[in-house]
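One structure below.
Take a look at the structure:
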């Protein structure tokens, strides 16, 4: 899951964290059909390779987000990463608020 942690799995599916599993499934199915290797057979090799890569990303995102436990772990990890980044930015700014007023 470390490679998946580097990218936003919700963005891979074109979804948001508030989407239901049914909404995620619908997005996954649409993207899986669009990028499925069997549907990319007539394209040039670089387009086909790009499509296969996208298909694998979509599949990996779905595998994590479709399961309640792994989705919860992923969401907690995202929040921790975001909080850690905010904390580091705050300390780098000398404790000053970086938000524009």
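Residue numbers (the UniProt record's numbering): 1 to 101.
Glycine included, each C-beta is placed from N, C-alpha and C at the ideal position.
Legend entry - Exposure of residue 61, with buried meaning 16 or more beta-carbon neighbours within 10 Å: In the chain shown, the residue the question calls residue 61 occupies position 61. The C-beta of residue 61 has 16 or more other C-beta atoms within 10 Å across all chains shown, which makes the residue buried.
Inset, instruction - Return the Cβ separation of residue 65 and residue 33 in integer angstroms, given the expectation that the two are a contact with Cβ distance under 8 Å. - result: Within the chain shown, the letter at position 65 stands for residue 65. Within the chain shown, the letter at position 33 stands for residue 33. Contact between residue 65 and residue 33 is absent: CB atoms are separated by about 18 Å, not below the 8 Å threshold.
Legend entry - Unbroken stretches of the alpha helix (DSSP H), 4 residues or longer, contained in the stretch 23-76: 45-65
Legend entry - Cutoff 7 Å; reference residue 36; Cβ partners in own chain excluding five residues on either side: Position 36 of the chain shown, counted from the start, is the residue given in the question as residue 36. Setting aside the 5 residues that flank it on each side, residue 36 is surrounded in the same chain by 55, each with a C-beta closer than 7 Å to its C-beta; the list follows chain order.
Inset, instruction - Specify, as a first and last residue, the run of the alpha helix (DSSP H) that residue 15 falls within. - result: Locating residue 15 in the chain shown gives position 15, where the first residue counts as 1. First-last for residue 15: undefined, no H or E at that position.
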